[in-house]
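> UniProt numbering puts the first residue of the sequence shown at 1, with every later residue one more than the last.
Glycine included, each C-beta is placed from N, C-alpha and C at the ideal position.
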Amino acid sequence: MNRLQIDLPGLSLKNPIMPASGCFGFGREYSRFYDLSKLGAIMIKATTEMPRFGNATPRVAETPAGMLNAIGLQNPGLQKVVEEELPFLQQYDVPIIANVAGSTIEDYVEVAKEISKVSNVHALELNISCPNVKEGGIAFGTQPEVAYAVTKAVKDVSEVPVYVKLSPNVTNIVEIAQAIERAGADGLTMINTLLGMRLDLKTAQPILANGTGGLSGPAIKPVAIRMVYEVSQNVNIPIIGMGGVQSAEDVLEFFYAGASAVAVGTANFVDPYICPTLIDDLPPLLDKLGIEHISECIGRSWKK
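(1) Output the distance between the C-alpha atoms of LYS80 and ILE207, rounded to the nearest integer angstrom.
(2) Decide if the stretch 157–165 is in contact with the stretch 98–114; the criterion is three or more beta carbon pairs, one per stretch, under 8 Å apart.
(3) What number of angstroms, rounded off, separates the C-alpha of GLY299 from the C-alpha of SER232?
(4) What's the gap between the Cα of VAL251 and the Cα of ILE225?
(5) Could you tell me the boundaries of the beta strand (DSSP E) in which ALA261 lies?
(6) With a cut-off of 8 Å, do at least 3 Cβ pairs link the stretch 26–37 to the stretch 176–190?
(7) Could you give the DSSP three-state label for LEU208: helix, strand or coil?
(8) Could you tell me the alpha carbon to alpha carbon distance between ASN268 and ALA219, rounded to whole angstroms?
(9) Would DSSP call PRO218 helix, strand or coil?
(10) Comparing alpha-carbon positions, which option in LEU286, ASN120 and ASP281 lies nearest TYR256?
(11) CA-CA distance, SER103 and PHE140?
(12) Counting along the chain, where does the alpha helix (DSSP H) carrying ASP250 start and finish?
(13) For ALA70, name the three-state secondary structure that DSSP assigns.
(14) Between which two residues does the alpha helix (DSSP H) harbouring ASN15 extend?
(15) How long is the line joining the alpha carbons of GLU84 and ARG28, rounded to whole angstroms?
(16) Tell me which residue opens and which closes the beta strand (DSSP E) that ALA98 is part of.
(17) Give the range of the alpha helix (DSSP H) segment to which GLU110 is assigned.
(18) Counting beta carbon pairs with one atom in the stretch 117–124 and one in the stretch 70–78, are three or more of them shorter than 8 Å?
(19) Taking all protein chains shown into account, do 16 or more other C-beta atoms lie within 10 angstroms of the C-beta of ASN172, making it buried, or fewer, making it exposed?
(20) Please state the DSSP three-state secondary structure of ARG52.
(21) Using the C-alpha atoms, what's the distance from LYS288 back to PRO144?
(22) Which of the three DSSP states is assigned to PRO283 in this structure?
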């Protein structure tokens with residue numbers, strides 16, 4: 001028995017560990033370190049219809065417990081991703097979750113329609129929560145009616161299940177999640193980064209050229225756990241949790257909160273082997289806690 005096997009809409013995961021979008025590119029660099037087939041899935045970098053060069057530099061700043069970034073959805077565009085990046089990943093036995101971004105609903109629809117046809121794309125992750133772009137991104141993820149509209153439009157054209165990535169930069173994340181569920185989403189991924197800022201001591205100006213950036217890493221884990229805990233009790237679709245995951249214990253904590261799989265982001269920059277390490281560390285942790293299968297842990301904190 002594979003104690004780590006998890007089945008989600010469109011995704012048969014040999015284990016629940018996957019790199020988060022934006023922190024793994026399209027896998028080429030990490031493929032030099034280990035066999036990507038070991039991963040449960042790969043969430044590739046956000047793809048827009050046309051190439052994006054992202055925000056001006058500097059775009060990254062360290063913090064005591066994480067990092068700020070304002071990359072701005074840099075990517076080579078839909079055509080290159082379909083013709084070069086996704087074919088490269090065909091050599092690995094791992095499902096791909098394609099992150100889709102745009103500035104208008106029409107942009108999302110166009111990318112979703114084309115990228116969902118690629119054979120190794122098993123699901124989409126709709127990015128309506130990027131805090132680092134002036135148009136699109138988070139503008140779609142902070143109002144329930146807009147989140148509903150873009151989710152519904154993408155569901156109507158996608159050939160694979162659609163997961164929607166939630167922003168923590170909202171007053172009521174449950175309200176947003178329920179609107180997305182009503183629109184037909186197959187699952188949720190959460191959370192994206194928290195909006196933050198750092199200032200230079202000599203100039204008194206923001207360190208990031210964009211001014212603000214998205215905070216990720218261990219500092220945001222308690223926020224992510226709280227939000228997964230709240231949302232999972234109020235929707236009937238699965239959640240892929242993320243936010244500061246660094247250890248097998250962190251993975252289990254997300255499962256207890258209500259997640260059914262876990263994505264790893266910032267930790268990949270600290271340790272490129274973090275994902276395979278977590279996969280290897282989970283079985284002994286389950287043994288230690290007397291847990292037969294990891295699916296037993298989903299929502300354990302609130303299930304009676």
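In short, the structure shows the following:
(1) 32 Å
(2) yes
(3) 8 Å
(4) 10 Å
(5) 261–264
(6) no
(7) coil
(8) 15 Å
(9) helix
(10) LEU286
(11) 9 Å
(12) 248–257
(13) coil
(14) Unbroken run through ASN15: none, as it is neither H nor E.
(15) 11 Å
(16) 96–100
(17) 105–115
(18) no
(19) exposed
(20) strand
(21) 42 Å
(22) helix
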